[in-house]
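The block underneath contains the structure these notes are about, expressed in structure tokens.
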Amino acid sequence: MAKIAVNVPDIGGHADVPVIEILVKPGDVVAKDQGLITLESDKATMEVPSSVAGTVVEVKVKLGDTLSEGSVVAVIDAEAGAQGATAQVAKPAPAAAPQAAATPAPQAAAASGQQADIECQMVVIGAGPGGYTAAFRAADLGLDTVLVERYPTLGGVCLNVGCIPSKALLHAAEVIDAAAHASDFGVHFAKPKIDIDGLRAYKEKVVGQLTKGLAGMAKQRKVRTVEGTAKFLSPNELAIENGGKTQILKFQQCIIAAGSQAVKLPGFPWDDERVMDSTDALALADVPGKLLVVGGGIIGLEMATVYRGLGSEVTVVELGPQLVPGADADLVKPLAARLKAQGVAVHLGTKVVEAKAGKKGIECMFEGASQPQTTLYDRVLVAVGRSANGGKLDADKAGVQVSERGLIAVDAQMRTNVPHIFAIGDLVGQPMLAHKATHEGKLAAEVAAGEKKEWVARVIPGVAYTDPEIAWVGVTEAEAKERGLKVGVGKFPWAASGRAIGLGRTEGFTKLIFDEATHRVIGGGIVGPHAGELISEVALAIEMGCEAADIGHTIHPHPTLGESVGMASEVYEGTITDLYIPKKK
Numbered sequence: 069m070a071k072i073a074v075n076v077p078d079i080g081g082h083a084d085v086p087v088i089e090i091l092v093k094p095g096d097v098v099a100k101d102q103g104l105i106t107l108e109s110d111k112a113t114m115e116v117p118s119s120v121a122g123t124v125v126e127v128k129v130k131l132g133d134t135l136s137e138g139s140v141v142a143v144i145d146a147e148a149g150a151q152g153a154t155a156q157v158a159k160p161a162p163a164a165a166p167q168a169a170a171t172p173a174p175q176a177a178a179a180s181g182q183q184a185d186i187e188c189q190m191v192v193i194g195a196g197p198g199g200y201t202a203a204f205r206a207a208d209l210g211l212d213t214v215l216v217e218r219y220p221t222l223g224g225v226c227l228n229v230g231c232i233p234s235k236a237l238l239h240a241a242e243v244i245d246a247a248a249h250a251s252d253f254g255v256h257f258a259k260p261k262i263d264i265d266g267l268r269a270y271k272e273k274v275v276g277q278l279t280k281g282l283a284g285m286a287k288q289r290k291v292r293t294v295e296g297t298a299k300f301l302s303p304n305e306l307a308i309e310n311g312g313k314t315q316i317l318k319f320q321q322c323i324i325a326a327g328s329q330a331v332k333l334p335g336f337p338w339d340d341e342r343v344m345d346s347t348d349a350l351a352l353a354d355v356p357g358k359l360l361v362v363g364g365g366i367i368g369l370e371m372a373t374v375y376r377g378l379g380s381e382v383t384v385v386e387l388g389p390q391l392v393p394g395a396d397a398d399l400v401k402p403l404a405a406r407l408k409a410q411g412v413a414v415h416l417g418t419k420v421v422e423a424k425a426g427k428k429g430i431e432c433m434f435e436g437a438s439q440p441q442t443t444l445y446d447r448v449l450v451a452v453g454r455s456a457n458g459g460k461l462d463a464d465k466a467g468v469q470v471s472e473r474g475l476i477a478v479d480a481q482m483r484t485n486v487p488h489i490f491a492i493g494d495l496v497g498q499p500m501l502a503h504k505a506t507h508e509g510k511l512a513a514e515v516a517a518g519e520k521k522e523w524v525a526r527v528i529p530g531v532a533y534t535d536p537e538i539a540w541v542g543v544t545e546a547e548a549k550e551r552g553l554k555v556g557v558g559k560f561p562w563a564a565s566g567r568a569i570g571l572g573r574t575e576g577f578t579k580l581i582f583d584e585a586t587h588r589v590i591g592g593g594i595v596g597p598h599a600g601e602l603i604s605e606v607a608l609a610i611e612m613g614c615e616a617a618d619i620g621h622t623i624h625p626h627p628t629l630g631e632s633v634g635m636a637s638e639v640y641e642g643t644i645t646d647l648y649i650p651k652k653k
């Protein structure tokens, strides 16, 4: 027998992710890959499984604790045959090779023998950013390609009911807020009148313009599109169901890009339309007088920003110790301060323990360190992350291994354990981001077409499109501390930026994190208007292995918010002239 410490695996670069559920206790007998705890990041809930079978000796965490990669979760008295003093949990990350499964690969079903309605060289399941990118690239490389999508239009969740419509509504909220503060510089507007039907029409126009563009590009590339829900019949067959009609598709290769869905926490009256997930919130049925947002991650805060701008009284409850789990705490502070000034009530370390539907609203009961005084809400938005859809495809009939959480392990070429079937996007693991999926989709298509490539991206940026925006990439300060890395930080406050002063938005800052040994940039974070537009330079600098001098010596246009990146490098180097920083003795 051997006592094994089970650690948190690579969770997509996130740090300080809160524990929302403990699934075992000392004395419990657990199987290999059985969940020990549940974490809630800004994009998904995820279990940390045991990498060995045995008996739980000690649980090292408690509810509300925040964990990062490498944090010890529990100690397991392993069964005979366990190897190693520290268990490394298998990670369904894009660059990871398929991990050894807790159980043998599922036995693939035999061919159905049914006549095919459609035949192709490549089929892509899911037409979100990753899926349509994969399909278009496969077609460009000469593969006869079919793209299957459950929605009537291409674009998947992101374009139809996610990233794009939310940004259209966030733009409206930004304009409303800008008009409200224009009096600060002598321009006065009347109080805006919200035409909810007109705003909804604008959002749908934005979505429609993009979906029509995708349909046109699919036609130009001769990509056949099929509407419906796909499930595997065998390693080379799909059944596609739509409106009671089923079509059989036979393929040579497949890319699974089926994405994820919003997590629906138990205990909420989901049969009542006043309880919403993110898709419901984006439908913009009305502007509730009082809105409760459950979850202080990116999705919840973006929708809180929208509805506050439209006039709702917004309350946010978050189980963890800070908003936007995964971002450094200093990046979150300006956002928290602005939300407070705008009248948004934020309650950390708090959860909803009961929610009941009544005639006057949704009555909620809370538990935690900071409980809202209001308990009755016109609408409740539950935004606690997303869960992968890998378990909804009958992938076992194709012999593809899928975890209990719907995740599919892939190698550095995005292949599953079945060589001619690839998987990309949300269902291969964190981070669940469209821009990660597009790169994975293009890679999978190129490998399927015979190119010798693999995933080599060093970093993936994350952005919260709140007000102010928060963006970060690479190693965070919290992660560096957790890992014991020797780093230096250059931080440039926007209070010293002429452009920020002119905008009346000086609460932000730009910081870069450097490896002390090499002076190479390994991470960065920005908070302020348009932070999401600025973070790309930092990502590129990390990819190119830039040193502080490379960034500082790059001439940035003035006056811009972007020049704060160069100035943050100068702060680190001690060459900054736009600030006075006394020399260290």
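Be aware that the sequence shown starts at 69, since it is given in our numbering, and climbs by one per residue. For each residue, glycine too, the CB sits at the ideal point set by N, CA and C.
Asked, Found
"Buried versus exposed, by CB contacts within 10 Å (16 or more), residue 648", "exposed"
"Residue from 304, 222 and 249 with nearest C-alpha to residue 275", "222"
"Segment contact, 8 angstroms Cβ cut-off, at least three pairs: the stretch 543-558 with the stretch 629-649", "yes"
"Those runs of the beta strand (DSSP E) which lie wholly inside the stretch 547-579 and span at least 3 residues", "555-561"
"Within 8 angstroms, strictly: CB atoms of residue 352 and residue 271", "yes"
"In DSSP terms, what residue 321 is bridged to", "190"
"Enclosing alpha helix (DSSP H) for residue 604 [first to last residue]", "599-611"
"Every unbroken beta strand (DSSP E) within the stretch 309-355, with a cutoff of 3 residues, ordered by chain", "313-324 and 328-330"
"Three-state class that DSSP yields for residue 582 in the structure shown", "strand"
"Residue ranges of each beta strand (DSSP E) within the stretch 377-465, 3 or longer", "381-386, 413-416, 418-426, 429-436, 447-450 and 454-456"
"Nearest residue (CA-CA) to residue 245, options 92, 375, 71 and 588", "375"
"CB contact flag (residue 248, residue 256, <8 angstroms)", "no"
"Cβ pair residue 380, residue 367 closer than 8 angstroms", "no"
"CB contact below 8 angstroms: residue 146 versus chain C", "As a matter of chain content, chain C is missing from the structure shown, which is built from one protein chain."
"Inter-residue spacing [alpha-carbon to alpha-carbon] between residue 77 and residue 539", "23 angstroms"
"Coarse secondary structure for residue 95, derived from DSSP in three states", "coil"
"Same chain, Cβ closer than 7 angstroms to residue 303, neighbours up to 5 away in sequence not counted", "176, 466, 467 and 486"
"Residue 224 and residue 260 closer than 8 angstroms at C-beta", "no"
"Own chain residues within Cβ distance below 8 angstroms of residue 572, not counting five before or after", "249, 252 and 253"
"Member of 133, 127 and 132 whose CA lies at the smallest distance from the CA of residue 144", "127"
"Residue 141, DSSP secondary structure in three states", "strand"
"At least three beta-carbon pairs within less than 8 angstroms, the stretch 235-243 to the stretch 325-343", "no"
"Spatial neighbours of residue 709 in its chain, beta-carbon cut-off 8 angstroms, leaving aside the 5 residues before and after", "The structure shown does not extend to residue 709, since the chain is modelled only from 69 through 653, so no value can be given for it."
"Residue 343 versus residue 450: straight-line alpha-carbon distance, rounded", "7 angstroms"
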